[in-house]
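**Student:** My structure is below; once you've seen it, I'll send some questions.
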Amino acid sequence: MKLSILGLAVLSALTAASAQAKENTHASKEVGSMERILVTASPFAQKLSDTPNSVFIVSKAELDLQRVVARNLSEMISNLVPGFSPSTETMSTFGQNFRGGKAIVMIDGVLISTTLRAGGRDLQSISVDVIESIEVIKGASAMYGNGEAGAIINVITKKPTLDFEMQTRVGVEAFADELSDAGFSISQSFSGTTDSDLGMLLNLSAKDRGNLYDSDGNQLPGAPNSQGGMGDADEYDVLFKLEQEFDSSRLAMLAHHYNIENKLHYGRSVNEENGLVAIDKDKPYNGPNPSTELTTVQITFDHDDVLGQQLNLSTYYSKVNVGYESGSEIVSKRSGFKAAMQWSINDRSRIAYGFEYGKDNTEQGRDRDVITGMDSAGTPQTQAQYVCSICDLTETKLSPFAQYWNQITDDLTLQFGLRYENFEIEVPDYQRYQRGVLSNKQGDTLKYDKPLVNLGLVYNIAESSDVFASFSQGYSHADMRMLRDMPVDSVAEFSDAIPATQTNYYETGLRYAGESLQGSLSFFYSDISDGYAYDYNVDAEISKRVAAVVVADEEIWGFEATLDYQINAAFKLGTSVSMSEGQRTNSETGVDYWMNGTRITPIKASIYGDYRFNDIAALRLQANYVGDRDKNSPESEAGYSYYESPYDGYTLVDLVSTFDTDFGLFTFGIDNLLNEDYQPLVSQMNKEVVWEAYRNQFSGYGRRLAVEYTINY
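Going left to right, the sequence shown walks through residues 1424 to 2136 as this note's numbering numbers them.
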């Protein structure tokens, strides 16, 4: 269903109120008090009014509403934050982007993204039961290196409560056409602080998900593609925290373990009538189950006065295992240390400085049939053996940084930062697998370094209005999957074909936080040198093309806007709209061509209404609209190049109601209220690709019901 009226309504509302816009932080702030919103992704929290780029803060209250109409964290963020692509409705975030760039994910400031080999499971690494809030920060800063990423997503976990208390939450969910095939969830937390100021938190949660169904009541595959899915999946999460407060310092420890396994029962086949992937009950599945497992330990120490400055020290260790149907598994072990100090020079200026050290060891491999010889008839003889496609890579990173703020006048704030990105990747000797044959490849050490700057201004127009502008730079290496298909014999010969990507970010915008009206409006542009993309376009630079990964210069631009209006004490309306577009340049011909669906999301808009009947009952109705996109021309009469098929837009409507009683909180949700028949964007990328065998599409979820009960005691 194309809801063009909704799109027009959204755009009209934004046009009428764009002069009074602000960041989408309405649920996490006190009205008219932008100063009280703090951004905590860096070692030292800073005021939103000191931040010269877009920041979106998702509160716990917003997450609690979304949990009954969204199946995972990526879908929740997509519902709430403009600029993030719609859910893939799989375990993977492949094709989900912010402003044409991937999102780097942190949990309490610790990077969990598998950057050496992108696994696509970064947002399938934590249960929403343990999340307090989420910060989405656009652009780059010296305080954290986000490379060419479109945004940093910092997931902030719950903190110990002052008084000892427990919370129990239970839930059930099922599709409207198959209520008997239900999924269940339970979460239990224990939290409190002792008389000696030792805070403790333990949260245990588990989910047993049911099968998936489309709008016609047909059972969907548990995993619609090889990336893993959300059907019949078991999910577990354990979070433990200790926080000790001293007179002028704090010591905190976090231990977190998350595991999800997508249990598959049947193989997949393509329905010849509609071209959609369906389960094949005549073909039982007996391969590995897609899974993600993450373990993280972090220790943080803060002191308020060390040589007259604030001190922050943190160290961490994490291990991520990402498993696929093929039996391939990514194993990433990461450890690091960060030291930072902040000196308040005077009432109007301060500087934060320090360094970040990290080590990441990553490998990806699977069992392969390797040709060991020929029999007398000339038939190849094979033997199964483990072969790594990404072999024991070790990245070592040391990055000093400094970030300076100056309140030039009462209304004007300057931010200036420097960061020196300095990392090297040790590649051992390895063997390339190709059609049963192993060939020896000589390793080497890849070295990358670059000084980066950022500069920003924030001007306070009035008590509730800020205008900001910023320039920042990012720098990072590519996904090392390039080594898997290296066409030459040594990494030294290949190093020029895998340069680091440098991004120049430009952004300007305004934010407004009035008593009843809040909103934001921002425009952005990115100039990217040596950007990497999955690209089969025939105009790409062939000399740098390896396994469809092409290196080329890029430009991305667009806008984001939000508006929230408290009509009266009971009724609130809100809307947002975002658009990004981008082109890549063939460096051999100088010809520009549109970037494909793996990087660019069509125009996206949302609208919601909250109504509180009384102190007990409340209702939220929300709609998310995704537009069409048809930028690329067909490759031939046979169809489009890979990932360049046109998109058909769709609109999904959700309903959430809450009943806050003396006996606990009841939350009822209906996902896809109108039972829309649609295909997620990631399913449409290749619907008209020239290779018919790759036109596998899948339906989105039908109408789903969910109920949760929460009690604190």
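Just so it is clear, CB atoms sit at the ideal spot from N, CA and C, and this is done for glycine as well. Computed from a prediction, not measured in an experiment: that's the story for all the values here.
Using CA coordinates, which residue listed in 1664, 1881, 1788 and 1564 is at the minimum distance from residue 1855?
**Tutor:** 1788
**Student:** I'd like to check one pair, residue 1526 with residue 1575: are the Cβ atoms closer than 9 Å?
**Tutor:** Yes.
**Student:** Which one or two residues does DSSP pair with residue 1811 in a beta bridge?
**Tutor:** 1788
**Student:** For the segment 1564-1649, list the beta strand (DSSP E) runs that are entirely contained and at least 3 residues long, ordered along the chain.
**Tutor:** Every beta strand (DSSP E) stretch that sits fully inside the segment 1564-1649 and reaches 3 residues is listed by chain position as 1574-1580, 1588-1598, 1601-1616 and 1621-1631.
**Student:** What residue from 1652, 1594, 1834 and 1584 has the CA that sits closest to residue 1624's CA?
**Tutor:** 1584
**Student:** Leaving out five residues on either side along the sequence, give the residues of the same chain with a beta carbon under 7 Å from the beta carbon of residue 1821.
**Tutor:** Beyond the five residues adjoining it in sequence on each side, residue 1821 comes within less than 7 Å, by CB distance, of 1778, 1780 and 1845 in the same chain, given in chain order.
**Student:** Spatial neighbours of residue 1658 within its chain, please: C-beta separation below 6 Å, excluding the five flanking residues on both sides.
**Tutor:** 1630 and 1683
**Student:** Which partner residues does residue 1870 have in the DSSP bridge list?
**Tutor:** 1847
**Student:** From which residue to which residue does the beta strand (DSSP E) around residue 1483 run?
**Tutor:** Looking at the DSSP string, residue 1483 is not in any beta strand (DSSP E); the run it does join, the alpha helix (DSSP H), is 1483-1489.
**Student:** Distance check for residue 1549 and residue 1580, CA to CA, integer angstroms please.
**Tutor:** 10 Å
**Student:** Applying the 10 Å Cβ sphere with the 16-neighbour rule, what's the burial state of residue 1698?
**Tutor:** exposed
**Student:** Count the C-beta pairs between the segment 1723-1735 and the segment 1747-1758 that are closer than 8 Å, then say yes if the count reaches three, no if not.
**Tutor:** Contact between the segment 1723-1735 and the segment 1747-1758 is not established, with fewer than three Cβ pairs separated by less than 8 Å.
**Student:** To the nearest angstrom, how far is the alpha carbon of residue 2116 from that of residue 1738?
**Tutor:** 48 Å
**Student:** Check whether the Cβ atoms of residue 1616 and residue 1586 sit closer than 9 Å, and answer yes or no.
**Tutor:** Contact flag set, yes.
**Student:** Compute the Euclidean distance between the alpha carbons of residue 1487 and residue 2133, then round it to the nearest angstrom.
**Tutor:** Between the alpha carbons of residue 1487 and residue 2133 lies a gap of roughly 10 Å.
**Student:** Spatial neighbours of residue 1602 within its chain, please: C-beta separation below 8 Å, excluding the five flanking residues on both sides.
**Tutor:** 2128
**Student:** Taking the continuous beta strand (DSSP E) assigned at residue 1667, which residues delimit it?
**Tutor:** Note, residue 1667: beta strand (DSSP E), 1656-1668.
**Student:** Taking residue 1802 and residue 1792 to be in contact with their CB atoms under 8 Å, please state how far apart those CB atoms are, rounded to whole angstroms.
**Tutor:** No, residue 1802 and residue 1792 are not in contact; Cβ-Cβ is about 13 Å, not under 8 Å.
**Student:** Compute the distance between the beta-carbons of residue 2035 and residue 2041, then report whether it is under 9 Å.
**Tutor:** yes
**Student:** Could you give the residue range of the alpha helix (DSSP H) that holds residue 2104?
**Tutor:** 2104-2107
**Student:** For the segment 1898-1947, which segments carrying the beta strand (DSSP E) assignment without a break, of at least 3 residues, lie completely within its bounds, in sequence order?
**Tutor:** Annotation note: the segment 1898-1947 contains the following uninterrupted beta strand (DSSP E) runs of length 3 or greater, listed N- to C-terminal: 1924-1936.
**Student:** Leaving out five residues on either side along the sequence, give the residues of the same chain with a beta carbon under 6 Å from the beta carbon of residue 2130.
**Tutor:** 1595 and 2091
**Student:** In its own chain, which residues sit with a C-beta less than 6 Å from the C-beta of residue 1823, not counting the 5 before and 5 after it?
**Tutor:** 1778 and 1843
**Student:** When the Cα atoms are used, what is the spatial distance from residue 1730 to residue 1886?
**Tutor:** 35 Å
**Student:** Going along the chain, which residues of its own chain have a beta-carbon closer than 8 Å to the beta-carbon of residue 1794, five neighbours each way excluded?
**Tutor:** Around residue 1794: 1803, 1804, 1805, 1859 and 1860.
**Student:** According to DSSP, residue 2040 sits in a beta bridge with which residue or residues?
**Tutor:** DSSP lists 2082 as the bridge partner or partners of residue 2040.
**Student:** Just curious, the beta strand (DSSP E) that residue 1714 is in, first and last residue?
**Tutor:** 1714-1729
**Student:** Which residues mark the beginning and the end of the beta strand (DSSP E) in which residue 1863 is found?
**Tutor:** 1860-1864
**Student:** Per DSSP, what kind of secondary structure is residue 2130 in: helix, strand or coil?
**Tutor:** strand
**Student:** Work out the CA separation of residue 1850 and residue 1895 for me, nearest whole Å.
**Tutor:** Roughly 30 Å between the two C-alpha positions.
**Student:** Please determine, among 1899, 1881, 1774 and 1559, the residue with the shortest C-alpha to C-alpha distance to residue 1818.
**Tutor:** Nearest to residue 1818 by C-alpha distance, out of 1899, 1881, 1774 and 1559, is 1899.
**Student:** Where do the ends of the alpha helix (DSSP H) carrying residue 1499 lie?
**Tutor:** 1496-1503
**Student:** Just to confirm, is the Cβ distance from residue 1835 to residue 1883 under 9 Å?
**Tutor:** yes
**Student:** Give the straight-line distance between the Cα atoms of residue 2126 and residue 2051, rounded to the nearest whole angstrom.
**Tutor:** 23 Å
**Student:** Please determine, among 2076, 1933, 1853 and 1475, the residue with the shortest C-alpha to C-alpha distance to residue 1909.
**Tutor:** 1853
**Student:** Tell me whether the beta-carbon of residue 2054 lies closer than 9 Å to the beta-carbon of residue 2026.
**Tutor:** Contact: no.
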